[in-house]
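Keeping their order, the protein sequence lines are chains A and B.
The opening position of the first sequence corresponds to residue 335 in the working numbering, with each subsequent residue numbered one higher.
The opening position of the second sequence corresponds to residue 29 in the working numbering, with each subsequent residue numbered one higher.
Encoded as structure tokens, the structure appears first; notes follow it.
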Amino acid sequence: MNDRDDIRDDLSALIDGALDPDRQPEVEAALDTDPALRAEYDRLSGIDALYAALPREAVPEGFAQSVRDAIARRENIAAAEPTQRPVKLRMFTQATRRSVFWPVAAAATLLVGFFLWSTVNRANQANTLLTVAKSVPAKAADAVDGKEQLYKVRVMPEEKGKAEAPAAAPVAATSTHAAPSPGAPAAQEPPAPPAAAPAPPAPAPEAPPDTADKEAKGQVLMEQQPPSADDLPALQPLSKEDRERALRRMLAAKKTAPAPQEGAVAAAPPADATNAPAPPTSATEAPAAGAGPQAAAPAPTPANTAEQRKVAGRVFLRTDSGWVDHAYKGEVLTPLEESSDEFKQLLPTHPPLEKVAELGGSITLRIDGVWRDLKTTRPLAEPK
Amino acid sequence: MTDALTALDADTRTDEDGMLVERFRAGDEAAFDALVRRNQDRVYGLLWRMLGNREDALETAQDTFVRAYRGIDGFRAEARFSTWVYGIALNLARNRLRDRSRKGRDRGVSLETLETDAPGAMPATTADCPRAAAEQGELEAALAACLEHLPETLRGAFALRVFEGLAYDEIADAMECPRGTVKSRLNDARRRLAECLERRGVLGRDAA
Numbered sequence: 335m336n337d338r339d340d341i342r343d344d345l346s347a348l349i350d351g352a353l354d355p356d357r358q359p360e361v362e363a364a365l366d367t368d369p370a371l372r373a374e375y376d377r378l379s380g381i382d383a384l385y386a387a388l389p390r391e392a393v394p395e396g397f398a399q400s401v402r403d404a405i406a407r408r409e410n411i412a413a414a415e416p417t418q419r420p421v422k423l424r425m426f427t428q429a430t431r432r433s434v435f436w437p438v439a440a441a442a443t444l445l446v447g448f449f450l451w452s453t454v455n456r457a458n459q460a461n462t463l464l465t466v467a468k469s470v471p472a473k474a475a476d477a478v479d480g481k482e483q484l485y486k487v488r489v490m491p492e493e494k495g496k497a498e499a500p501a502a503a504p505v506a507a508t509s510t511h512a513a514p515s516p517g518a519p520a521a522q523e524p525p526a527p528p529a530a531a532p533a534p535p536a537p538a539p540e541a542p543p544d545t546a547d548k549e550a551k552g553q554v555l556m557e558q559q560p561p562s563a564d565d566l567p568a569l570q571p572l573s574k575e576d577r578e579r580a581l582r583r584m585l586a587a588k589k590t591a592p593a594p595q596e597g598a599v600a601a602a603p604p605a606d607a608t609n610a611p612a613p614p615t616s617a618t619e620a621p622a623a624g625a626g627p628q629a630a631a632p633a634p635t636p637a638n639t640a641e642q643r644k645v646a647g648r649v650f651l652r653t654d655s656g657w658v659d660h661a662y663k664g665e666v667l668t669p670l671e672e673s674s675d676e677f678k679q680l681l682p683t684h685p686p687l688e689k690v691a692e693l694g695g696s697i698t699l700r701i702d703g704v705w706r707d708l709k710t711t712r713p714l715a716e717p718k
Numbered sequence: 029m030t031d032a033l034t035a036l037d038a039d040t041r042t043d044e045d046g047m048l049v050e051r052f053r054a055g056d057e058a059a060f061d062a063l064v065r066r067n068q069d070r071v072y073g074l075l076w077r078m079l080g081n082r083e084d085a086l087e088t089a090q091d092t093f094v095r096a097y098r099g100i101d102g103f104r105a106e107a108r109f110s111t112w113v114y115g116i117a118l119n120l121a122r123n124r125l126r127d128r129s130r131k132g133r134d135r136g137v138s139l140e141t142l143e144t145d146a147p148g149a150m151p152a153t154t155a156d157c158p159r160a161a162a163e164q165g166e167l168e169a170a171l172a173a174c175l176e177h178l179p180e181t182l183r184g185a186f187a188l189r190v191f192e193g194l195a196y197d198e199i200a201d202a203m204e205c206p207r208g209t210v211k212s213r214l215n216d217a218r219r220r221l222a223e224c225l226e227r228r229g230v231l232g233r234d235a236a
């Protein structure tokens with residue numbers, strides 16, 4: 335910006351007499367020597383004259399009184415505010431409610447949707463586990479992400495019929511709603527969960543799979559449904575007791591021994607039977623049709639109980655390939671060969687191992703807190 | 029010199045306004061009525077120039093004094109009552125202009141419209157004046173149209189200076205801006221008005 339531009343910027347202040355006294359002589363001198371600047375000064379000065387000549391309009395008569403009236407009205411409104419405030423607050427609250435209603439409704443819908451989704455998702459997980467359990471032997475639970483994920487499954491009549499159709503799918507009927515077998519000692523059965531269904535009469539699993547029989551079973555299961563079943567989730571994580579029972583049923587279902595006669599207890603010695611919990615099996619839970627040589631034998635017993643042995647203070651349940659400590663709940667197993675050096679090294683510090691190995695076959699047991707799958711060199715004795 | 033004279037006149041007014049303010053603060057309601065009567069024409073004139081509409085100017089002037097009444101406790105004794113009231117009026121005028129912009133319509137009678145479409149329907153300043161002639165009306169309409177085309181800040185500074193005779197410092201107080209800003213706003217306003225009036229053939233006949 336040069337000096338001429340600076341002078342042009344000061345022309346307006348010169349017109350208004352507001353220029354700095356030190357600056358004013360310099361600007362006036364420039365106007366005397368620069369005709370263009372003088373012309374611009376005259377042009378700007380004329381504007382003020384034009385506008386100042388415009389007639390002014392006065393306010394109408396009574397303006398001051400109108401102001402006074404307006405003040406009085408405002409004050410009356412202010413004085414009435416305490417009584418009006420609740421109304422305004424209510425209106426505000428109503429507006430707030432209106433503005434809040436839809437977000438809250440949307441959030442509630444999302445919550446309900448999530449609950450339904452999670453329920454369906456858990457059902458799908460359980461069905462997946464059920465399928466795995468059908469095809470994998472007793473330790474199938476370990477295959478699911480390395481974690482045991484057993485679920486309580488409420489089998490509906492038509493699902494029950496499907497589950498029993500394949501001969502080698504006894505696990506499908508692993509209903510934890512089942513009551514203790516009438517033949518099992520009641521004192522050995524853990525108390526059923528509150529939501530558990532009442533004990534049904536156990537039909538024979540080996541019965542011919544005719545339609546009438548399936549319908550009969552379905553009817554039984556229908557009767558098992560508690561009146562408030564709809565209020566309960568179809569699937570629930572298993573409690574500790576449920577998990578044990580489910581595992582024992584899985585093991586019992588795989589046993590090839592003939593089902594004991596009605597009223598028979600475990601094949602274990604009487605002394606052991608008092609210490610070991612009786613497997614809470616029922617005909618609906620352990621259908622062994624076609625599972626072994628004797629499975630075809632008519633055994634309409636209310637209870638199929640696995641053979642038990644008590645060795646070194648531990649109770650072992652008989653399986654088709656060996657024995658399983660009754661406390662085993664599907665933990666990860668570490669293999670152990672009886673002929674291995676490790677086993678021989680364990681014997682001096684764990685003398686009972688020798689007696690346990692005499693059971694023969696494959697034995698699942700816990701050694702020093704680690705669950706081992708002991709492969710013995712001895713044959714598994716025929717079930718009693 | 030001009031600025032010094034207006035400042036002297038303003039000082040005289042301020043002295044009287046100051047006393048009225050003190051009386052009003054002491055409980056004399058009539059003192060406020062006197063303050064209104066002493067300043068009403070200037071406030072109304074400023075608002076009419078700012079809003080270009082008589083009805084809006086009257087409503088806003090009334091609201092200006094109501095706010096002054098209720099906010100008198102915020103008035104500083106060292107300030108001038110007129111300057112303080114001008115500040116209130118300019119803020120209200122700015123709000124009203126913004127409301128017009130938001131609503132997309134102009135409640136008032138456009139000064140531009142008066143010039144082009146209804147030159148005979150001039151405001152009272154001309155239409156009610158027996159001296160008003162067609163040529164005079166055309167000149168005044170052109171002046172009003174060019175003023176309305178100014179940005180709000182330039183228009184306010186020019187109106188306070190030319191119509192109300194406020195000094196730079198008073199304008200700065202009323203517009204809450206530095207004195208240098210007032211200087212540049214006034215210079216800019218005059219240049220724009222000159223260009224506008226030249227385009228309309230008002231200024232070119234005598235100047236330049």
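Even glycine gets a Cβ: it sits at the ideal position worked out from N, Cα and C.
Note that the structure is a prediction, hence the values are computed from the model and not measured.
At least one CB atom of chain A sits nearer than 8 angstroms to the CB of B/L214.
For A/I701, the beta-bridge partners assigned by DSSP are A/V704. When rounded, the separation of the alpha-carbon atoms in B/S110 and A/P359 is 33 angstroms.
Residues of chain A whose Cβ lies closer than 7 angstroms to the Cβ of B/W76 are, in chain order, E391.
Residues of the stretch 69-100 of chain B whose Cβ lies closer than 8 angstroms to any Cβ of chain A, in chain order: D69, Y72, G73, W76, R82, L86, A89, Q90, D91, F93, V94, Y97, R98.
Per the Cβ contact rule, the stretch 686-698 of chain A is not in contact with the stretch 61-73 of chain B (fewer than 3 Cβ pairs under 8 angstroms). Among the residues of chain A, none has a CB under 7 angstroms from the CB of B/Y114; the nearest is roughly 15 angstroms distant.
Residue burial annotation: B/M203 is buried, with at least 16 other C-beta atoms found within 10 angstroms of its C-beta.
Here A/G664 is buried. Its C-beta has 16 or more other C-beta atoms within 10 Å. Taking the beta carbon of B/L221 as reference, the chain A residues within 7 angstroms of it are I381, listed in sequence order.
DSSP places A/D366 in the uninterrupted alpha helix (DSSP H) bounded by 358-367. Taking a 10 Å sphere around the C-beta of A/G380, we find 16 or more other C-beta atoms and assign the residue as buried. A/L667 sits away from A/H660, with the two beta carbons spaced by 8 angstroms or more.
For B/G208, the enclosing alpha helix (DSSP H) starts and ends at 207-227. DSSP, reduced to helix, strand and coil, places B/G102 within a helical segment of the structure shown.
For A/V401, the nearest beta carbon of chain B is closer than 8 angstroms to its own beta carbon. Interface flag for A/R372 against chain B is unset, since no Cβ pair is found closer than 8 angstroms. Counting the other Cβ atoms within 10 Å of the Cβ of A/N458 gives fewer than 16, which makes it exposed. Contacts with chain A (Cβ-Cβ distance below 8 angstroms) from the stretch 42-63 of chain B involve D61, listed in chain order. For the 8 angstroms CB-CB criterion, A/R700 and A/L670 do not form a contact. Taking every protein chain shown into account, the CB of A/W436 has fewer than 16 other CB atoms within 10 angstroms, so this residue is exposed.
Between B/A117 and B/L178, the CB-CB gap reaches or exceeds 8 angstroms.
For A/L365, no CB of chain B lies under 8 angstroms from its own CB, so it is not counted at the interface with that chain. Per DSSP, the continuous beta strand (DSSP E) segment holding A/P669 begins and ends at 668-671.
With its beta carbon at least 8 angstroms from every one in chain B, A/D368 lies outside the interface. Annotation: the continuous alpha helix (DSSP H) that includes B/L175 extends over 162-176.
A/A640 and A/T443 have their C-alpha atoms some 49 angstroms from each other. The CB of B/R218 comes closer than 7 angstroms to the CB of S346, L378, I381 in chain A, given here in chain order. For A/Y375, no Cβ of chain B is located within less than 8 angstroms of the residue's own Cβ.
By the rule that beta-carbons nearer than 8 angstroms mark a contact, A/F448 does not touch chain B. Among the residues facing chain A, B/L118 is not included, as its CB has no counterpart in that chain under 8 angstroms away. Proximity of A/L384 to chain B, defined by a Cβ-Cβ separation below 8 angstroms, is satisfied. Annotated three-state conformation of A/D654 is coil, per DSSP.
Counting C-beta atoms within 10 angstroms of its own C-beta, A/T683 has fewer than 16 neighbours from the protein chains shown and is therefore classed as exposed.
Among the bridge pairs identified by DSSP, A/V645 is matched with A/R648.
For B/D84, the closest C-alpha among the options B/R207, B/R128, B/G193, B/G46 is that of B/R128.
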